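Taking the UniProt record's numbering, the leading residue of the sequence shown gets 1, the next gets one more, and so forth.
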Amino acid sequence: MNAAGKRRADPLERPGSLWLPTWTKTGLALLYDEKTSNTYDIRLKLTKEILTIQKQDVVCIGGGAHHLNHRTVVLRRQATGGLGLSIKGGAEHKVPVVISKIFKDQVADQTGMLFIGDAVLQINGINVEKCTHEEVVHLLRTAGDEVTITVRYLREAPAFLKLPLGSPGPSSDQSSRASSPLFDSGLHLNGNLSNTAPSSPSSPSANEPKYEKRWLDAVSLPLSMARVSKHKAGSDKLRSNSFEVFALDGACTNVLQFCTAAESTDWLQAISTNINDLTQECIKTANKYYSADEQIIHMGWVCEHLHRNDANRVQSYKFLALKGSSLYILRGPPVCPELCEAGASEWAQAEATFNLCEVLFKVHKLWIAEDCWIQPKLCVGLQQDCELRDSEGFSFSVLVGHGQSFCFSVELGTELALWEKAFQRAVFMEVQRTGSKIYMCSSQGKILCFTVDFESGFSCSESISKNVIWRYKFSQLKGSSDDGKTRVKLLFKNSENQQIEMKELEFANLTAVLHCIHSFIAAKVASVDPLFVNNQSITKHKSLRFSEKQHKSETLLLSSIKESLQMVDSALHLTREGRNHSQPYYMQMFAFSRQAAASYEISNAAEVFQTTVLLLKKKESRRQKRSVSVSELLSLEDVELIANLSGCPPPLQPASCPIGGDSEKYRTISGVCNNRNKPLWGAANTVLARWLPAEYEDGESQPKGWNIGHQYSGFHLPPVREVSNKIMQISSQYRLDEAYSQMLVDWGQYMDHDISFTPQSTSKAAFLEGLNCLHTCGNFNPCFPIQIPLHDKLFGSKSCFPFFRSAPACLNGPTHTPLPQQMLQRQQMNSITSFLDASTVYGHDVELEKMLRNLSSSEGLLAVNSEHTDAAGHAYLPFVNNPTSPCFQEPGTGPRNRLECFLAGDSRVNEILPLIALHTLWVREHNRIATRLKQLNTHWSSNTIYQESRKIVGALHQIITMRDYIPKIIGEKAFDQIIGPYEGYDDTINPSISNVFATAAFRFGHATISTHIRRLNESFQDHELFPSLKLHQTFFSPWRIIREGGLDPILRGLISQPATRQNQHRLMNEELREKLMVLTIPEALDLAALNLQRGRDHGLPGYNDWRVFCGYDRVQTEADLKDVIHDNALVEKIMDLYGHPDNIDVWLAGMVEDLVPGTRTGPLFTCLIGKQMKMLREGDRFWWERPDVFSQQQRQELQRHSLSRVLCDNSGLTEVPNDPFSIGMYPEHFLPCTSITSMKLDAWREDPDKVN
């Protein structure tokens, strides 16, 4: 039981602030006496100043003569139960074989003469005192039905041999019990492994010695100035789960042994923390006796490593102190723990003293064998030197003058971080206190004075006259080189002519000068940027805070990470090579719609993480010859280590979020810090939220259907293409929606692209196997091909078509889910912001935002196409800066007349013509608003106009979606019940898009997409020049916008063409099932199959789990399912495919449910969509209805605006329906644009005289 007291945190600049609170702690352990080789049970009690140890030993409490302790017992083996005892120990461990367990009421217990702790001396007259464990087991098993055993109660038997069966020993972790002879190996010497009767508590009879375990007197060890050590005596080997504590007076605990490395580390950390706290108190008291220039910054024990000529290493414990201007290396503390003071004589006894300005502190790099490989970006701030090789995990060197260095190590990562922080502080204080350092040097035969000055930089002057020859600021130093002996070349940039000038100087102690330059520059930077020290410190890098378990498995982990990096790099290389050669055209399309650079890097890091985990599982499963789970292999610290070294960004802390200024008025482009307490909620490149735990075939990452033989509820999952063929397939005949237009469908897709984008894996080749996913029908991550049933009419003889798993997400920290098992499950990423923030217009990262803006404009405008406009002068989207973008071209177009893909805030803009139209509308709307705001507020900067326009456009996206769109999808009744009126911002609600929403629920709209895109003239009749197009003819064809009439014909079609009505009999038209990516290319994809496979890829739970989540009863039988889905024939098809309702894919089930009256979704999707939209609204600090976001007058004006008004203001349409989502006949249900209300931007007018 542990108890940690509260402790006031020190300021950041204090070294002690890196330490943990003071510990008070009690517990049990084993104590190994290296002199007697005896081991005892002990009780430990830790307080702030004392470590108390109390032994437990076996003492004689009476009985007969000593010689009677030798007993010979005859045992008759039973048919069941055998001899009824178990043994531990053996000569191979230098311990006797001891009876470890006696089974109640069996033969050994019935004799009354055998006891736990008896040493076995003879078996049938054969002496076994020098036999191994296996030899004794063999003798007992083959001794016949009657066995004569001679034993003696062994007082000095090590305590771990007397522990109950299955208890851990001192030198073995729990994971190794089964294979250790120190534990009962499960052989009860009777052939019956099922007997688990409790041990008999019997004791020897009255005429024999009687023994009892008792606690002895306690021994206390003072912790002030004490030290701890994990090294085995006389060697450089580290103990895995034990250590010693040495008091200043020479007293020692002996070796404290724990059951596991984790428990050992826990105690080591606790004791070290208290020692450090006492040292800090001593420093504080001692500093009262020293002047301000002689204060002690930090001191403590370290282990010095000395290399002898025979290549062996010798350890020697030294006491380091940072005091005043010097580093002291001493044999022991110069400060008396009782008085906490020291005179000059104590400090004068130091073995060595060095000026801090001329000392360089270097943390040792992580090593794997002889290979120096960890990327510098993963170890920011570490001074890495390939000559510093040390097996110690927490080692550092102190480099001093004339090339001399000292190598030290400490026991814990927190201690290493503490020393690094202390050295930085001590050096910076000394630099500022000293102000300048002067060194004699020579140049071209002249004796000169070289000065490093904290205020002015570098200068060189004549030694006699002191005339300054040259002078440069720190910022002008651009580089240096030296010969490693006496000469250095300094390169400075002349501020007048911008030329590089070289100054070559020669010093007697070159190393000291170079270290001094380093110290002064670092101190100067730190004085300008106080965060510099924190940013450069290893305390920021959890990857260097190893637990003992990580020490034990460090080589395996790091070598696996290295191997994974190579595998991922190789797979990505194959992918890039594939793009340069012939490949399916749809692959180029998907590649073009991939995530931005930041998302790409995070995805790659996550792939390294996942590949490392899979590689570790594979290695360990092969070693253990069984399936191994990740949770068996890795601790939380291991997971964080792999994540950090894979390149995953560390979790963002609330302290990173700015307060005040623009952070109160405008959302960040990435969505970060919308919630100041949870900065990553809703941000781009973060994990999709899980409302229910993922369900993977192996519990961790394998999708459902990965292993063909795996069964669910007694049935195999059906291939997704087979489900699509039998359930989703319809003819070209479909039912039109009587109420809603095609604009409702396309707004849904546009809005979906504003809140979610799950990127595919960055590789198209298998990481572990190296196979090209295009050429394999096997499941090899990230390849998860869709299997094609026999005689499939579309794919003919093909066996599969490619499917690539979604890129995994980096962990956002253990707070993302409290359970380690769930934390290790594969998660997916939303690479854009979750918020309704018009990221379709402005992007989701800074670099893309810059590309989308017209930065030369004083009006805060967005960039538009510089080559083309429509006939009325309306702008088009700009082209991507890519002369070989994969968008289709008009037939007969030559290379010089190509029209590239459009550039927008979302990379999927070119997928279909209606998307291009909506994207273009909103860019025009932004520029219209920005132009007007500039007219109203001429004093506003370009950026202010841009941000205010962006804020308005984002609000309009929210209004149109929540007021006009969502109630039509889930119905007014469900909207009121699930979402309800706005009640304000709630910072406890996570607005992040959920996995089930993005992967299943909001894909309901795929059943409502029309097979044709109508293009209409001004009279809303089929256009004479530009006829309607089949859906697949609109894919990736921006040329049709520019060369075939612009946006207007398409927009007219969207607001006057009925949507397709979802119907259980007509779920998805063939344009999406069989012509998703077909135009002039042979490849084809099936959107229904893709959706089903994606749900399995993401580990979405089945239909019934989501019903329960939404408050509905589970459906157990086919009859139950027919109560939910009233098409009996459809239910029978589904049950024939899936076998059990639990197995039904959630997307399919949501699609086939009976629609709720007045909605376009069934009960399940109504619930999931409503819940997500409520969370998006309530969890957004910048939601338009929140009082702090807009003024009351501005909110009133925003409510007057509509999508109809946006159409009127930004296209050639002069008549529109009042609600473009509702279907109406032209001209009866259309209004002239002059009748459509509009917001008045005067509400944003600002009086420049009143601006602060």
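Cβ atoms here follow ideal geometry from the backbone N, Cα and C, with glycine treated the same way.
Just so we're clear, the structure is a prediction, and the values are computed from it rather than from any experiment.
- The criterion of a C-beta distance shorter than 9 Å is not satisfied by residue 1128 and residue 1115.
- Per DSSP, residue 32 is one residue of the beta strand (DSSP E) stretching across 23-33.
- If you check the CB distance, residue 839 and residue 1047 do not come in under 9 Å.
- In the three-state reduction of the DSSP assignment, residue 72 falls in the strand class, which pools E and B.
- Excluding five sequence positions before and after residue 845, the CB atoms of its chain that fall closer than 7 Å to its own CB belong to 596, 598, 669, 670 and 684, given in chain order.
- In this structure, 256 is the residue among 251, 304 and 256 with its C-alpha nearest to the C-alpha of residue 241.
- Its Cα nearest to that of residue 463, the residue 440 stands out among 480, 440 and 456.
- In this structure, residue 222 sits near residue 50, with a CB-CB distance shorter than 9 Å.
- Per DSSP, residue 914 is one residue of the alpha helix (DSSP H) stretching across 913-936.
- Residue burial annotation: residue 1141 is buried, with at least 16 other C-beta atoms found within 10 angstroms of its C-beta.
- When rounded, the separation of the alpha-carbon atoms in residue 415 and residue 708 is 51 Å.
- Around the CB of residue 604, 16 or more other CB atoms lie within 10 Å, so the residue is classed as buried.
- Annotation: residue 782 is outside any alpha helix (DSSP H) and is labelled neither H nor E by DSSP.
- Shown here, residue 1171 sits in a helix according to DSSP, grouped into three states.
- Per DSSP, residue 606 has no beta-bridge partner at all.
- Taking a C-beta distance under 9 Å as the contact criterion, residue 892 and residue 1156 do not qualify as a contact pair.
- Scanning the region 687-760 for uninterrupted alpha helix (DSSP H) segments of 4 residues or longer gives 720-723 and 742-755, listed from N- to C-terminal end.
- Distance between residue 302 and residue 409, taken at the CA atoms: about 6 Å.
- Ranked by Cα distance from residue 1220, the options 1182, 968, 1062 and 1181 are led by 968.
- Contact between the region 941-957 and the region 840-859 is present: 3 or more CB-CB pairs across the two stretches fall below 8 Å.
- Inclusion of residue 602 and residue 648 in the CB contact set at 9 Å is warranted, their separation being smaller than that value.
- Distances from the alpha-carbon of residue 985 to those of 1185, 1055, 998 and 1151 put 1185 closest.
- For the 9 Å CB-CB criterion, residue 1095 and residue 999 form a contact.
- Judged by DSSP in its simplified three-state form, residue 499 adopts coil rather than helix or strand.
- The three-state reading of DSSP puts residue 833 in coil, since its state is none of H, G, I, E or B.
- For residue 1039, no beta strand (DSSP E) encloses it; the enclosing alpha helix (DSSP H) starts and ends at 1039-1043.
- Bounds of any alpha helix (DSSP H) do not take in residue 990, whose DSSP letter is neither H nor E.
- In chain order, 97, 120, 121, 122, 135, 136 and 139 place their CB closer than 8 Å to the CB of residue 128, counting only its own chain and leaving out the 5 sequence neighbours on each side.
- Collapsing the DSSP output to three states places residue 318 in a strand.
- Counted as a single uninterrupted DSSP element, the stretch harbouring residue 439 is not any alpha helix (DSSP H) but the beta strand (DSSP E) occupying residues 436-443.
- Between residue 297 and residue 422 the beta-carbon gap is near 6 Å, inside 8 Å, which marks them as a contact.
- The Cβ-Cβ distance between residue 424 and residue 23 does not fall below 9 Å.
- Inclusion of residue 974 and residue 1167 in the CB contact set at 9 Å is warranted, their separation being smaller than that value.
- In the three-state reduction of the DSSP assignment, residue 357 falls in the helix class, which pools H, G and I.
- Put simply, the backbone Cα of residue 249 is about 20 Å away from that of residue 54.
- It is roughly 44 Å from the alpha-carbon of residue 286 to the alpha-carbon of residue 467.
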